[in-house]
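Peer 1: Each position in the sequence shown, counted from 1, maps to that position plus 716 in this note's numbering. Yeah, the Cβ is synthetic: ideal placement off N, Cα and C, and Gly gets one too. Just so it is clear, the structure is predicted and the values come from calculations on it, not from any experiment.
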Amino acid sequence: MDRFKDKVALITGAGAGIGRAAAQRIAAEGGAVFCVDLNEEAASETASLIVDAGGQATAHVCDVSDESSVNACIEACVACYGSLYALVNMAGMLRFDDTQMLESADWQKVIDVNLTGTLYLCRAALPHLITSGGSIVNAASTAALSGLPCGVAYSASKGGVLAMTRSIAVEYAKRGVRANCICPGDIQTDMARGIDFPASMDWELMPRIQSISGPKPPETVAGLIAMLASEDGVHITGEDVRVDGGTLS
Numbered sequence: 717m718d719r720f721k722d723k724v725a726l727i728t729g730a731g732a733g734i735g736r737a738a739a740q741r742i743a744a745e746g747g748a749v750f751c752v753d754l755n756e757e758a759a760s761e762t763a764s765l766i767v768d769a770g771g772q773a774t775a776h777v778c779d780v781s782d783e784s785s786v787n788a789c790i791e792a793c794v795a796c797y798g799s800l801y802a803l804v805n806m807a808g809m810l811r812f813d814d815t816q817m818l819e820s821a822d823w824q825k826v827i828d829v830n831l832t833g834t835l836y837l838c839r840a841a842l843p844h845l846i847t848s849g850g851s852i853v854n855a856a857s858t859a860a861l862s863g864l865p866c867g868v869a870y871s872a873s874k875g876g877v878l879a880m881t882r883s884i885a886v887e888y889a890k891r892g893v894r895a896n897c898i899c900p901g902d903i904q905t906d907m908a909r910g911i912d913f914p915a916s917m918d919w920e921l922m923p924r925i926q927s928i929s930g931p932k933p934p935e936t937v938a939g940l941i942a943m944l945a946s947e948d949g950v951h952i953t954g955e956d957v958r959v960d961g962g963t964l965s
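Right under this line is the structure:
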């Protein structure tokens, strides 16, 4: 399958988890992938995995919460490959806090990375996506669709991503750019495995974030991302698609 032949995809959070799986999937389908991550070693490892498999990839370090870093990232991608067809925003952070104890700085960090960072990337990429008739795929979450105990900052950030994505989809539909969200749930990633829960966490509420069939690897999300980013999703925009094994069903 060569859905991304002669097309360029920029993927944030490409150093691990869903971002890495999406980068490998799109590269396997012929795309040139600009692998973006805050962790230089992780981004380089993903790019190397793609190149070793016969694909085309370049690693780049970017702090998505920093506007100048994001603008430089988009410029570097276009300078490297000449265009941009797909923007896949998978960079993010997850934390759990008792809402009463949530520090303002911790709230702001989650919003800066998950929500504002997504805005920065979309805003900087849009002129290039208009030229290419391209696509945006943003990472929302089941937390954007249902209450997440002790997850007020994360839920707010992902709800914002969902609303923002719908607005971009409507605003740019006539200019040929599509924008959609994926809403993963119960996916085995380093981010999910490294969670610290507050002592006040009510564990009887945990089934709200657990899938019926059990957690699944990031590769189970990558196929959906590739479809939404490709021409197979040409008539899909402003949509949120759950990948949660029936958690919210």
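Return the CA-CA distance between S760 and K890, expressed in angstroms with no decimal places.
Peer 2: As a working note, residue 760 is residue 44 in the sequence shown. As a working note, residue 890 is residue 174 in the sequence shown. Looking at the two C-alpha atoms, the distance is approximately 37 Å.
Peer 1: Does the region 865-881 come close enough to the region 807-814 that 3 or more CB-CB pairs lie under 8 Å?
Peer 2: Yes, the region 807-814 is in contact with the region 865-881.
Peer 1: Could you give the distance in angstroms between the alpha-carbon of A743 and the alpha-carbon of V749?
Peer 2: The residue given as residue 743 occupies position 27 in the sequence shown. The residue given as residue 749 occupies position 33 in the sequence shown. Those two C-alpha atoms are separated by around 6 Å.
Peer 1: Any idea what DSSP makes of L803, helix, strand or coil?
Peer 2: In the sequence shown, residue 803 corresponds to position 87, counting from 1. Reduced to three states, the DSSP call for L803 is strand.
Peer 1: Within 10 Å of its beta-carbon, does H951 have 16 or more other beta-carbons around it, so buried, or fewer, so exposed?
Peer 2: Numbered from its first residue, the sequence shown carries residue 951 at position 235. By the neighbour-count rule (16 or more Cβ atoms within 10 Å), H951 is not buried but exposed.
Peer 1: Would DSSP call A773 helix, strand or coil?
Peer 2: In the sequence shown, the residue the question calls residue 773 occupies position 57. Here A773 sits in strand by DSSP.
Peer 1: Should P934 go down as buried or exposed, given a rule of 16 or more other Cβ atoms within 10 Å for buried?
Peer 2: Your numbering for residue 934 matches position 218 in the sequence shown. So P934 counts as buried.
Peer 1: For L810, which three-state DSSP category applies?
Peer 2: Taking the sequence shown and counting its residues from 1, one reaches residue 810 at position 94. L810: coil per DSSP, three-state reduction.
Peer 1: State the Cα-Cα distance for the pair G901 and C751, rounded to the nearest angstrom.
Peer 2: As a position in the sequence shown, residue 901 is number 185, starting the count at 1. As a position in the sequence shown, residue 751 is number 35, starting the count at 1. The alpha-carbon atoms of G901 and C751 are separated by roughly 23 Å.
Peer 1: In terms of alpha-carbon separation, which member of K721, I727, G731 lies closest to G746?
Peer 2: To locate residue 746, count along the sequence shown from 1; it is residue 30. When only C-alpha atoms are compared, the closest one is K721.
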